[in-house]
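Below: the structure, in structure tokens.
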Amino acid sequence: MELFAKLFRQLDQTNKTNAKIQALVEYFRLADPKDALWAIAVFSGKRPKRSVNTRELREWAAKEADLPLWMLEETYHIVGDLSETLANIIPNKGKERNDRGLADWITGLKKIRGASDPDRKEFILHAWRTLDPLERFAFNKLITGGLRVGISQKNLGKALAIHTGQPANIVALRLMGNWDPESVGWDELLLEDRRSDDLSVPYPFFLAHPIEKDPTDLGLPEDWYAEHKWDGIRGQLIIRGGELFLWSRGEELVTGQFPELTALKDVLPDGTVLDGEILVVRGDDIGSFADLQKRLGRKRVLAKWLETHPVRFRAYDILEIGTEDIRSLPLERRRRRLEDLLSGIESPHIDLSPRLDWNTWEDLRKLRVDSRKVGSEGLMIKSRRAPYRQGRVKGDWWKWKVDPMVIDAVMIYAQRGHGRRANLYTDYTFAVWGENGELVPFAKAYSGLTDEEIREVDRFVKNHTRDRFGPVRSVEPQLVFEIAFEGIRSSNRHKSGVALRFPRINRWRKDKPVGEANTLQDLLEIAKAYG
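What the sequence shown shows, in this note's numbering, is residues 2 to 532, in sequence order.
And the structure:
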């Protein structure tokens with residue numbers, strides 16, 4: 002457990018991707034294979050179900066530390082993290098150290114699920130008494146399900162690829178599915194050869210650079226194709242050996258999340274690889290990214306989601322046909338091959354991303370302004386002569402996104418951050434004015450300010466706190482910020498009646514009084530126009 006606890010601390014204390022990957026590589030080098038498998042499972046979301054509720058943990062810890070429960074609660078409110086609070090108030094009694102590994106502890110947690118209260122309490126207290134504070138912290142995170150350290154499946158796969166010497170996309174494929182660390186071995190999961198691995202391997206994605214000023218610098222309009230930048234998930238659809246594989250740009254195999262698309266293996270020829278976008282499409286209407294999110298990350302896709310949120314693969318490039326790699330062909334030739342392929346196919350699960358009709362850069366500028374009306378987030382501009390390259394190569398593919406929507410809002414709540422910002426209030430809740438003169442919360446944001454501005458806001462929060470709710474502080478409504486966002490839709494899950502996509506702080510409006518912040522009606526009108 003000591004090794005896993007040190008890994009958790011390293012991951013929790015850095016925001017640098019390379020440092021996280023290196024910490025994982027070192028852990029996999031030193032850990033017992035059974036412990037390493039459970040670490041992979043935990044970071045992949047395969048955590049054991051909760052065996053003990055937090056009320057019981059609070060009560061047992063207070064008694065073990067000989068503290069009144071109210072004092073523990075006050076300490077928790079100040080620390081802001083229950084696992085950390087419990088780990089540090091438990092006294093170190095100098096008893097014999099416990100050298101059980103991660104796999105043993107998780108097996109124990111699974112065994113006490115459904116056990117009697119005394120048995121569960123005995124197991125937890127034994128762990129607290131024989132683990133040091135850092136190990137207790139990691140152990141408590143396992144119990145509460147709060148083991149969030151910013152490790153994506155992609156970066157976990159990169160670390161395993163470095164450690165095992167396997168290609169990253171093969172590792173990503175191995176980590177998919179419902180594998181169980183109690184019934185699969187390390188070699189079986191990661192090292193043994195599988196025929197399906199070769200069939201499923203995607204090509205590296207070609208990525209676009211953003212246009213930050215004006216596209217006229219690109220030269221003659223006739224040298225370029227333009228199409229909408231669809232607001233879905235970039236994907237690569239592969240049909241080889243009679244099987245269909247669907248990869249996201251993040252190197253995640255997402256075939257199981259979109260089972261209706263597997264029907265395409267019966268209408269597309271074997272040896273076909275397409276690049277495109279996964280979208281929710283109902284008739285002629287393209288759903289929002291929020292609609293698509295309802296289909297993401299689900300272990301089991303319910304029949305009702307297939308009906309209410311049907312997806313389609315919108316193809317805009319072809320990379321392989323008849324097992325022939327055609328990425329070296331210029332885009333205009335690949336486009337003709339793609340159009341010929343899809344012209345004879347009738348399926349509700351695939352269509353062709355249309356090319357835009359334009360003659361001048363001014364024409365394109367107008368199309369960009371109207372992008373949201375057709376469900377896109379801007380335009381893609383691609384050189385007709387360009388091959389399909391690898392990675393983010395500047396010069397051939399450009400993305401020209403619409404300007405973000407903005408609204409002025411008042412900060413009303415603040416919460417401490419994580420990692421190096423754990424002692425600063427960096428996560429904020431914003432509100433707009435309701436029709437009765439009350440402030441209605443509508444969004445949370447934690448990015449967009451400089452370090453100096455964060456420190457200034459932190460001082461304000463500490464000096465203008467109205468009330469405390471666990472780790473959250475209610476503050477006096479005095480600060481106005483411009484909030485930028487990429488999309489907005491009506492939502493009955495939020496008090497404001499709207500939900501935003503990618504809200505972030507655009508700037509601190511020190512020039513604007515609180516009374517001049519936007520209203521809820523302003524938000525609702527934007528949602529009505531674009532939601």
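All C-beta atoms in this analysis are idealised placements derived from N, C-alpha and C, irrespective of residue type, glycine included.
| query | result |
| --- | --- |
| In chain order, which alpha helix (DSSP H) runs of at least 4 residues are fully inside the segment 357 to 425? | 362 to 370 |
| Per DSSP, what kind of secondary structure is residue 341 in: helix, strand or coil? | helix |
| Measure the alpha-carbon distance for residue 247 versus residue 33 and round it to whole angstroms. | 33 angstroms |
| Among the residues of its own chain, which have a CB less than 8 angstroms from the CB of residue 508, if the five just before and after it don't count? | 449, 482, 483 |
| Determine the closest residue to residue 374 out of 530, 16, 30, with distance taken between C-alpha atoms. | 530 |
| For residue 447, I'd like the list of residues in its chain whose CB is within less than 6 angstroms of its CB, leaving aside the five on either flank, ordered along the chain. | 427, 428 |
| State the start and end residues of the unbroken beta strand (DSSP E) segment that holds residue 443. | 440 to 446 |
| Spatial neighbours of residue 5 within its chain, please: CB distance less than 7 angstroms, with the 5 preceding and 5 following residues excluded, ordered by chain position. | 36, 40, 103, 139 |
| Name the DSSP bridge partner or partners of residue 436? | In DSSP, residue 436 forms no bridge with anything. |
| The beta strand (DSSP E) that contains residue 229, what's its start and end? | 225 to 231 |
| Could you tell me which residues DSSP pairs with residue 14 in its beta bridges? | DSSP lists no partner for residue 14. |
| If we ignore side chains and look at the alpha-carbon of each, how far apart do residue 367 and residue 229 end up? | 13 angstroms |
| Report the residue ranges of all beta strand (DSSP E) runs contained in full by the segment 184 to 269; include only those spanning at least 3 residues, in chain order. | 225 to 231, 234 to 241, 244 to 249 |
| Considering just the uninterrupted stretch of the beta strand (DSSP E) at residue 282, what are its terminal residues? | 273 to 283 |
| For residue 31, count neighbouring Cβ atoms within 10 angstroms of its own Cβ and tell me buried if that reaches 16, exposed if not. | exposed |
| Residues in the same chain with beta-carbon distance under 7 angstroms from residue 57, minus the five sequence neighbours each way, listed in chain order, please. | none |
| Any heavy atom of the ligand ZN closer than 7 angstroms to the CB of residue 158? | The ligand ZN is absent from the structure shown, which contains no ligands of any kind. |
| Shortest alpha-carbon distance to residue 60 belongs to which of 82, 125, 28? | 125 |
| So, under 8 angstroms CB-CB, residue 385 and residue 225 are touching, yes? Tell me the CB distance rounded to an integer number of Å. | 7 angstroms |
| Check whether the Cβ atoms of residue 280 and residue 204 lie closer than 8 angstroms to each other. | no |
| Hey, could you find the ends of the beta strand (DSSP E) residue 1 is sitting in? | Because the chain here runs from 2 to 532, residue 1 falls outside it and cannot be looked at. |
| Nearest CA to the CA of residue 480: which residue from 489, 462, 93, 497? | 462 |
| Using a Cβ-Cβ cut-off of 8 angstroms (strictly less than) and excluding sequence neighbours within five positions of residue 261, which residues of its own chain qualify? | 307, 311, 312, 350 |
| Would you call the segment 401 to 413 and the segment 432 to 443 touching, i.e. three or more CB-CB distances under 8 angstroms? | yes |
| So the beta strand (DSSP E) residue 501 belongs to, where does it begin and stop? | 499 to 502 |
| On the CB-based measure, 16 or more other CB atoms within 10 Å of its CB, does residue 329 come out buried or exposed? | exposed |
| Who are the Cβ neighbours of residue 352 in its own chain at under 7 angstroms, not counting the five residues just before and after it? | 313, 315 |
| Within its chain, find whatever has a CB closer than 7 angstroms to the CB of residue 518; leave out the 5 residues flanking it on each side and keep chain order. | 409, 410, 411, 433, 434, 481 |
| Closest by CA to residue 510, which one among 301, 92, 454? | 454 |
| Who are residue 330's beta bridge partners in DSSP? | None; residue 330 has no bridge partner. |
| Leaving out five residues on either side along the sequence, give the residues of the same chain with a beta carbon under 6 angstroms from the beta carbon of residue 331. | 386 |
| Is the beta carbon of residue 219 sitting closer than 8 angstroms to the one on residue 382? | yes |
| For residue 542, does the count of other Cβ atoms within 10 angstroms reach 16, so buried, or fall short, so exposed? | With the chain running from 2 to 532 in the structure shown, residue 542 is simply not present. |
| Sort 2, 478, 361, 402 by Cα distance to residue 134 and report the nearest one. | 2 |
| How is residue 32 classed by DSSP in three states: helix, strand or coil? | coil |
| Where residue 63 and residue 8 are concerned, what is the direct C-alpha to C-alpha distance, given to the nearest angstrom? | 28 angstroms |
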